[in-house]
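What follows is a short report on a single structure.
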Amino acid sequence: MARVTEPTVRKACLVCGGDNRQTPLVQLDYLDRPYWICPRHMPMLIHDPASLAGMLPGAETLQPADHHD
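Residue numbers (this note's numbering): 11 to 79.
This is the structure:
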């Protein structure tokens, strides 16, 4: 019986493309899919998610974090 293997998903920052051999990555589960982002680009996700349009589906509709500084 042939063994079925899962397709390999490349774990890389959705912004810079750095993989987990180059930088730590944080996994996001969004729209039932995994995405990864590195610490350097995490502020974009938090403070300006619309800047991820074209890299993260629907990013232009995400709201930035509320700040209570």
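Beta carbons: idealized from backbone N, C-alpha and C, even for Gly.
- Judged by their CB atoms, residue 75 and residue 57 are nearer to each other than the 8 angstroms cut-off.
- In the DSSP assignment, residue 55 falls within the unbroken alpha helix (DSSP H) covering 52 to 57.
- In the assembly as shown, residue 22 is a buried residue. Its beta-carbon has 16 or more other beta-carbons within 10 Å.
- In this structure, residue 55 lies near residue 47, with their beta-carbon atoms less than 8 angstroms apart.
- For the options 38, 13 and 49, the alpha carbon positioned closest to that of residue 32 is the one of 49.
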